[in-house]
Amino acid sequence: MEDGTFMGDTLPNFSDLFIGYEARIQTIFDRIVAASSVNPPPKLEFTEEHSSMLFKCKPSEASVTADWHGIASLWAMSQGVGRLCAAMFNARRSGQARLDFVEGSEAELGYHFIHEARALVKPRGHRWNTYFPKPDLGSDRLIAGDIFFFRAIEWILAHEVGHIVSGHDDRAWTAQQSRDEEREADRFATCYVMGELAADPGRQPVKGPRKTRSSSSVGRLPRDWAWSGWQFTRTREPKILICIPQWPRE
1 MEDGTFMGDT LPNFSDLFIG YEARIQTIFD RIVAASSVNP PPKLEFTEEH
51 SSMLFKCKPS EASVTADWHG IASLWAMSQG VGRLCAAMFN ARRSGQARLD
101 FVEGSEAELG YHFIHEARAL VKPRGHRWNT YFPKPDLGSD RLIAGDIFFF
151 RAIEWILAHE VGHIVSGHDD RAWTAQQSRD EEREADRFAT CYVMGELAAD
201 PGRQPVKGPR KTRSSSSVGR LPRDWAWSGW QFTRTREPKI LICIPQWPRE
């Protein structure tokens with residue numbers, strides 16, 4: 001380590017580093033578009049422009065752009081979260097009041113992944129720290145982080161498609177319009193990712209979820225919801241949908 005940074009390999013671009021991920025991301029995007037039934041169907045473009053908006057859309061052209069710098073940062077953050085969640089869970093179960101990193105442990109790697117994620121979004125030469133494992137869909141060591149990554153990018157892409165489905169302008173005219181449109185796109189993305197899942201406060205430890213919470217209901221719009229104008233409405237009982245999970249209170 002030199003000057004607080006890890007030595008690494010210089011790569012031509014991030015897209016060459018994430019071999020195989022582009023196809024998976026495209027498949028996720030196509031599934032979102034199919035569920036939204038928007039016409040014409042939006043298209044997804046990948047770029048390495050490193051603009052201030054790493055994920056963005058242009059409703060007038062029905063296009064969504066994903067910058068590889070944003071993808072790389074999200075992947076690194078997901079790998080960090082995947083490792084730290086496991087370490088924190090195990091520490092909590094064993095009654096520990098704090099989490100101490102063992103040198104060379106997966107938890108310590110996760111901690112450094114978080115900082116690397118922040119660095120990857122900053123303009124700089126393409127450089128991958130060899131301290132970190134490289135993206136690899138076939139690596140058992142990266143499975144947990146990849147689960148976080150693909151679910152996170154699914155929500156982000158659904159958010160961008162939500163702008164297109166909602167008929168938003170390419171650029172908001174006022175700050176209030178911008179806030180309203182962002183919340184609307186948030187609701188679309190949350191409803192899509194949650195699907196028909198619901199809180200299950202009565203589920204006992206080590207018991208599986210109820211059938212209504214099966215994984216097949218994730219990643220699609222609920223069956224009894226339809227997009228109508230500027231808001232989600234329930235087809236049987238019209239009203240605005242605020243699709244935010246309601247967690248049980250203590």
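Numbering (the working numbering) for the sequence shown: 1 to 250.
Positions of the beta carbon are idealized from the N, C-alpha and C atoms, including for glycine.
Residue i versus residue j - alpha carbon distance
{"i": "I164", "j": "Q79", "result": "30 Å"}
{"i": "G34", "j": "L54", "result": "Checking the displayed sequence, the identity of residue 34 turns out to be Ala instead of Gly. Approximately 23 Å between the Cα atoms of the pair."}
{"i": "A66", "j": "F132", "result": "23 Å"}
{"i": "F18", "j": "G138", "result": "12 Å"}
{"i": "R141", "j": "D200", "result": "30 Å"}
{"i": "I25", "j": "E154", "result": "8 Å"}
{"i": "V161", "j": "G110", "result": "31 Å"}
{"i": "P123", "j": "R203", "result": "46 Å"}
{"i": "E196", "j": "R187", "result": "14 Å"}
{"i": "S51", "j": "D16", "result": "19 Å"}
{"i": "C191", "j": "I147", "result": "19 Å"}
{"i": "V38", "j": "G70", "result": "25 Å"}
{"i": "L44", "j": "A87", "result": "36 Å"}
{"i": "R179", "j": "H168", "result": "12 Å"}
{"i": "A119", "j": "R183", "result": "28 Å"}
{"i": "A117", "j": "W128", "result": "11 Å"}
{"i": "E48", "j": "R31", "result": "24 Å"}
{"i": "G95", "j": "K56", "result": "43 Å"}
{"i": "S105", "j": "H115", "result": "16 Å"}
{"i": "A97", "j": "A107", "result": "16 Å"}
{"i": "P42", "j": "S166", "result": "13 Å"}
{"i": "F89", "j": "E103", "result": "19 Å"}
{"i": "S60", "j": "S36", "result": "17 Å"}
{"i": "D177", "j": "T27", "result": "The identity of residue 177 in the sequence shown is Gln, whereas the question assumes Asp. Approximately 31 Å, taken between the alpha carbons."}
{"i": "Y21", "j": "K134", "result": "12 Å"}
Three-way DSSP call (helix, strand, coil) for residue i in this model
{"i": "A34", "result": "helix"}
{"i": "R127", "result": "strand"}
{"i": "G167", "result": "coil"}
{"i": "V102", "result": "coil"}
{"i": "L84", "result": "helix"}
{"i": "T27", "result": "helix"}
{"i": "D200", "result": "coil"}
{"i": "S178", "result": "helix"}
{"i": "N13", "result": "coil"}
{"i": "E19", "result": "Note on identity: in this sequence residue 19 is Ile, with Glu being the wrong assignment. I19 falls in the coil class under three-state DSSP."}
{"i": "S73", "result": "helix"}
{"i": "Q96", "result": "coil"}
{"i": "A172", "result": "coil"}
{"i": "S78", "result": "helix"}
{"i": "N39", "result": "coil"}
Distance CB(residue i)-CB(residue j) smaller than 7 Å
{"i": "G181", "j": "A172", "result": "In the sequence on display, residue 181 carries Glu and not Gly. In contact: E181 and A172 (Cβ atoms closer than 7 Å)."}
{"i": "P40", "j": "A62", "result": "yes"}
{"i": "D170", "j": "K58", "result": "yes"}
{"i": "F29", "j": "L157", "result": "yes"}
{"i": "W68", "j": "F150", "result": "no"}
{"i": "A91", "j": "L84", "result": "no"}
{"i": "A76", "j": "F101", "result": "no"}
{"i": "G82", "j": "A144", "result": "yes"}
{"i": "A198", "j": "H159", "result": "no"}
{"i": "A23", "j": "L74", "result": "no"}
Per DSSP, the bridge partner or partners of residue i
{"i": "L44", "result": "V64"}
{"i": "K56", "result": "T65"}
Neighbour flag for residue i against chain D, beta carbons, 7 Å
{"i": "E154", "result": "Of the protein chains in this structure there is only one, and it is not chain D."}
Near the ligand COA: residue i beta-carbon under 6 Å from a heavy atom
{"i": "W128", "result": "In the structure shown, the ligand COA is absent, as is every other ligand, since no ligand is present at all."}
Of all the beta strand (DSSP E) runs that stay within the bounds of the segment 107-158, which reach a length of 3 or more residues? 127-129
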